[in-house]
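Notes follow once the structure below has been shown.
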Amino acid sequence: MEFEKLSAPSLKDLFVKQIQGMILSGELAQGTALPPERELARQMQVSRAVVNGGLAELAAQGFVEIRPRQGTFVADYRRNGNLSTLIAIMEYNGGTLGREEIRSILEVRRALEQLAVGLILRNATDEDIERLGDLVAHIAGAQTPQQAAERAFEFQHELALISGNSILPLFYYSFRAPVIVLWVRFCRRYGIEALCRNTELLYTHLKNRDEHQLRRWIETYLGEAIEGCQQIYNE
1 MEFEKLSAPS LKDLFVKQIQ GMILSGELAQ GTALPPEREL ARQMQVSRAV
51 VNGGLAELAA QGFVEIRPRQ GTFVADYRRN GNLSTLIAIM EYNGGTLGRE
101 EIRSILEVRR ALEQLAVGLI LRNATDEDIE RLGDLVAHIA GAQTPQQAAE
151 RAFEFQHELA LISGNSILPL FYYSFRAPVI VLWVRFCRRY GIEALCRNTE
201 LLYTHLKNRD EHQLRRWIET YLGEAIEGCQ QIYNE
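Just so it is clear: in the sequence shown, position 84 is 84 by UniProt numbering, and no numbers are missing.
Here's what the structure looks like:
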């Protein structure tokens, strides 16, 4: 049995986590001006370089806005955020997402999948589609929910790649972390077999190039996760 090397978080990581937590908890409200870098460094007993780097990362995540010659202010992360913001929210909540965020991810996933299959039917060769079959078998051989979720993501990412749209795989990959969390939960509730069946039916309709059944199945299985009998919201 092998164990992974442990590594301590850097001071910048700790700084970022503390400010994120204060914003997400409401302790630092939107529009609040943060103390100057020198004062933050003094209070938190870190260097100004740590504070400067941490604030830059928080700004990139949409948590703060740095205004030249004015200072740093807490931003509206829901308006200014990105996928890094979503991952930070998940980590703050112990790896979980709220109902609204889960529903939103599934709705985006449904729209992207409909786009992907339409492009595949127009652009992909039979050989391209056949390669997806190996990935379906890979899911079926998964021993744990984590393995199954990661392999299901491989299938979805390959789906995006063979669509011929150069941007679509980037969208899919940007959602990798939250999507895997959701499909792990799906497998724990409904079994790896259910995830495998959903993916296998999608592949079968693709292989048959049956656009009507394909689009109908996407609406069905993702609809069940959004508001049907296979929901994956937190209890």
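Glycine included, C-beta positions come from ideal geometry on N, C-alpha and C. Everything numeric in this text was worked out from a predicted model, so none of it was measured.
Checklist entry - For Y221, which of S7, Q114, T96, M22 has the nearest alpha-carbon? => result Q114
Item to check | Cβ pair count under 8 Å reaching 3, the stretch 63-71 against the stretch 186-195 | outcome: no
Checklist entry - How many angstroms separate the CA atom of A33 from the CA atom of T72? => result 6 Å
Checklist entry - So does the stretch 146-155 actually touch the stretch 173-186, counting three or more Cβ pairs closer than 8 Å? => result yes
Checklist entry - Between the Cα of K17 and the Cα atoms of G54, N123, L214, Y190, which residue gives the shortest distance? => result G54
Item to check | Three-way DSSP call (helix, strand, coil) for R69 in this model | outcome: coil
Item to check | Backbone CA spacing between R99 and S47 [nearest angstrom] | outcome: 39 Å
Item to check | Three-state secondary structure assigned by DSSP to H46 | outcome: Residue identity differs from the one stated: residue 46 is Val in this sequence, not His. If DSSP states are grouped into helix, strand and coil, V46 belongs with coil.
Checklist entry - How many angstroms separate the CA atom of I226 from the CA atom of L106? => result 7 Å
Checklist entry - Beta carbon of F175, beta carbon of R131: below 9 Å? => result no
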